[in-house]
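Novice: Have a look at the structure that comes next, please.
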DNA sequence: GTATGTTTCCTAAAAGCTTTAGGCAGTGTA
DNA sequence: TACACTGCCTAAAGCTTTTAGGAAACATAC
């Protein structure tokens, strides 16, 4: 019996692809074993279980998106950087719905700390370099920016915008404009 | 054998409570049947299955939150309305983690259209009445506002802010300030 | 090239969840 | 009281998860 060449990483990768095809909810140890032409129990040598598998997919997606964001931000600043960041984020969610859903998984504290989460924060912070926001306000600005982009993409993905005019596509540039304006005129603390 | 008095609504309600206690992922037909002291198959007279049950919990949560938001917005405008809205949103997610998780469920188009989603849009739009945002920009402003608040609460819930200083509690008021400032000085279209 | 040890995948099995089908007992109505 | 109806039941098939232990493939040392 020839070996299938399973590794935790390959399982996560195949799981991510499976998620994009059939939905993150459908990613199970069984489904993945089927895809590899392997018995379910075999996966348990590489992965602790379905939960572990899903977590690995989430971490993989976080890394992938961080890589894309880093590439998008390179050589850009100000509104261009903001747009590149936000569009990359949104495109990733649209082209990889399963991976995006995986990213919404609640990670426990240790796992989250070991994730690419910090890179995401750093990348978001990099946008602020093109604006005149006081250092002390960076945390709040980073979180607002991250929240707004993440929230828009998430609401769009879960169908929140799909049943009211105008199309989500139309409001997106205006939202980016508004965020740009907010960063250009960041308010003084009250 | 005395009847347990099951109805779709009571199942959704109990399911929501169960979700808050043990997590939305753990809400299954079996678990709910146990809670009612009833055999699993009995639920199938009232609910089409586990998926249907989860959907009903999500719809219930959307209604509940809409009610709370409506109450919070009553008699307030401007920054006070914005703060009341956002704090209600955030408090709901913190006190009802299972219901909040349920709300993140991807609803199919028809279900979403029949949900309290429209009420949420209307309530968000009500905040704009206290600001001078052009009618044409309301959709974008509503979506930005909704995205930012939703995104912040979601990232907070999924642990995105928990491993970097400062505490999420501290940046929240600054984020609200910034959103208030943005609405007060909403940018002209470029 | 053979012996040894380790890894990889296997079979087997227990346990739980989901869902359908059909039956009997409470409950309300003529 | 007879009736139908509803609500919960038992039974059963099929799937997923997970653990335990075995056998074949692979790597390494002699």
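Protein chains in written order, with full-length UniProt numbering: chain B, 1 to 190; chain U, 1 to 190.
C-beta: ideal position from N, C-alpha, C; glycine also.
Small disclaimer: the values here were computed from a predicted structure and weren't measured.
Just the chain U side, please: which residues come within less than 8 Å of residue 152 of chain B by C-beta, in chain order?
Specialist: Result: 143, 144, 147 and 151.
Novice: Check residue 116 of chain U in the structure and name its three-state DSSP category.
Specialist: If DSSP states are grouped into helix, strand and coil, residue 116 of chain U belongs with coil.
Novice: Using CA coordinates, which residue listed in B/101, B/125, B/159 and B/180 is at the minimum distance from residue 26 of chain B?
Specialist: For the residues B/101, B/125, B/159 and B/180, the minimum Cα distance to residue 26 of chain B belongs to B/101.
Novice: Residue 52 of chain B lies in the alpha helix (DSSP H); which residues open and close that run?
Specialist: Residue 52 of chain B -> alpha helix (DSSP H) spans 50 to 73.
Novice: List, in order along the chain, the chain U residues whose C-beta lies closer than 7 Å to that of residue 159 of chain B?
Specialist: Simply 106, 107, 109 and 112.
Novice: Against residue 171 of chain U, what residues of chain B qualify as contacts under a CB-to-CB distance less than 7 Å, listed in chain order?
Specialist: Those are 139, 140 and 143, listed as they occur along chain B.
Novice: Please classify residue 154 of chain B: is it buried, with 16 or more other beta-carbons within 10 angstroms of its beta-carbon, or exposed?
Specialist: By the neighbour-count rule (16 or more Cβ atoms within 10 Å), residue 154 of chain B is buried.
Novice: Using a Cβ-Cβ cut-off of 7 Å (strictly less than) and excluding sequence neighbours within five positions of residue 115 of chain U, which residues of its own chain qualify?
Specialist: Once the five neighbours on either side are set aside, the close Cβ partners of residue 115 of chain U are 59, 62 and 107.
Novice: Taking three-plus beta-carbon pairs below 8 Å as touching, is the stretch 149 to 166 of chain U in contact with the stretch 137 to 147 of chain B?
Specialist: As far as the Cβ criterion goes, the stretch 149 to 166 of chain U touches the stretch 137 to 147 of chain B, which means the pair count is three or higher.
Novice: Which ranges does the alpha helix (DSSP H) cover as unbroken runs of at least 4 residues, wholly within the stretch 132 to 171 of chain U, from first to last along the chain?
Specialist: List check, alpha helix (DSSP H) in window: 138 to 157.
Novice: Confirm the yes/no value for this check: CB of residue 134 of chain B, any heavy atom of the ligand GDP, distance under 7 Å.
Specialist: Judged by which ligands are present, the structure shown has none, so any question about the ligand GDP falls away.
Novice: Measuring alpha carbon to alpha carbon, tell me which residue in B/175, B/187, B/174 and B/171 is nearest residue 178 of chain U.
Specialist: Comparing Cα positions, the closest option is B/187.
Novice: If you compare alpha carbons, which of B/173, B/166 and B/82 is closest to residue 184 of chain B?
Specialist: Of the candidates B/173, B/166 and B/82, the one whose C-alpha sits nearest the C-alpha of residue 184 of chain B is B/82.
Novice: Taking residue 186 of chain B as the query, report the chain U residues whose CB atoms sit under 9 Å from its CB, ordered along the chain.
Specialist: Result: 178 and 181.
Novice: What residue range does the alpha helix (DSSP H) around residue 43 of chain U cover?
Specialist: From DSSP, the alpha helix (DSSP H) with residue 43 of chain U extends over 40 to 43.
Novice: Mind listing which residues of the UniProt domain "HTH tetR-type" (5 to 65) of chain U have their C-beta closer than 7 Å to chain B's C-betas, in chain order?
Specialist: So the list is empty, because no residue satisfies the distance condition.
Novice: Who are the near neighbours of residue 121 of chain U in its chain, counting only those whose CB is closer than 7 Å to its CB and skipping five residues on each side?
Specialist: 142.
Novice: Taking the alpha carbon of residue 18 of chain B as the point to measure from, which residue in B/36, B/126, B/76 and B/40 has its own alpha carbon closest?
Specialist: Per the Cα distances, B/36.
Novice: Quick check: the Cα distance between residue 23 of chain U and residue 51 of chain B, rounded to an integer number of angstroms?
Specialist: Roughly 14 Å between the two C-alpha positions.
Novice: Could you tell me the distance, in whole angstroms, from the CA atom of residue 159 of chain U to the CA atom of residue 109 of chain B?
Specialist: Looking at the two C-alpha atoms, the distance is approximately 7 Å.
Novice: Do the CB positions of residue 105 of chain U and residue 88 of chain U come within less than 8 Å of each other?
Specialist: Result no, Cβ atoms of residue 105 of chain U and residue 88 of chain U do not sit closer than 8 Å.
Novice: Using beta-carbon positions only, say whether residue 189 of chain B and residue 166 of chain U come within less than 8 Å of one another.
Specialist: No, they are not a contact pair.
Novice: Just to make sure I have the definition right: I need the residues of chain B whose C-beta is within less than 8 Å of the C-beta of residue 96 of chain U. Which are they?
Specialist: By Cβ distance, chain B contributes nothing, its closest Cβ being about 15 Å from residue 96 of chain U, past 8 Å.
Novice: Closer than 8 Å by C-beta to residue 32 of chain U: which residues in its own chain qualify, once you throw out the five before and the five after it? Chain order, please.
Specialist: Excluding positions up to five away in sequence, the list reads 11, 14, 15, 18, 43 and 53.
Novice: Can you round the beta-carbon distance between residue 98 of chain B and residue 20 of chain B to whole angstroms, since I take them to be within the 8 Å contact cut?
Specialist: Confirmed, Cβ separation roughly 4 Å.
Novice: Have a look at B/55, B/39 and B/136 and flag the residue whose alpha-carbon is nearest the alpha-carbon of residue 9 of chain B.
Specialist: Nearest C-alpha to residue 9 of chain B: B/55.
Novice: Checking 8 Å against the spacing of the C-beta atoms, do residue 92 of chain B and residue 123 of chain B come in under that value?
Specialist: Cβ atoms of residue 92 of chain B and residue 123 of chain B: not closer than 8 Å.
Novice: Please name the residue in U/118, U/182 and U/129 whose C-alpha comes closest to that of residue 162 of chain B.
Specialist: For residue 162 of chain B, the nearest C-alpha among the options comes from U/118.
Novice: Taking the alpha helix (DSSP H) that residue 201 of chain B belongs to, which residues open and close that run?
Specialist: What is shown of chain B runs 1 to 190, which leaves residue 201 of chain B out entirely.
Novice: Counting only beta-carbon atoms, is residue 128 of chain U nearer than 8 Å to chain B?
Specialist: With 8 Å as the cut-off, residue 128 of chain U does not count as an interface residue toward chain B.
Novice: From B/125, B/171 and B/49, pick the residue whose C-alpha is nearest to that of residue 78 of chain B; which is it?
Specialist: Nearest C-alpha to residue 78 of chain B: B/125.
Novice: Mind checking if residue 117 of chain B is an interface residue toward chain U, Cβ cutoff 8 Å exclusive?
Specialist: So, interface residue.
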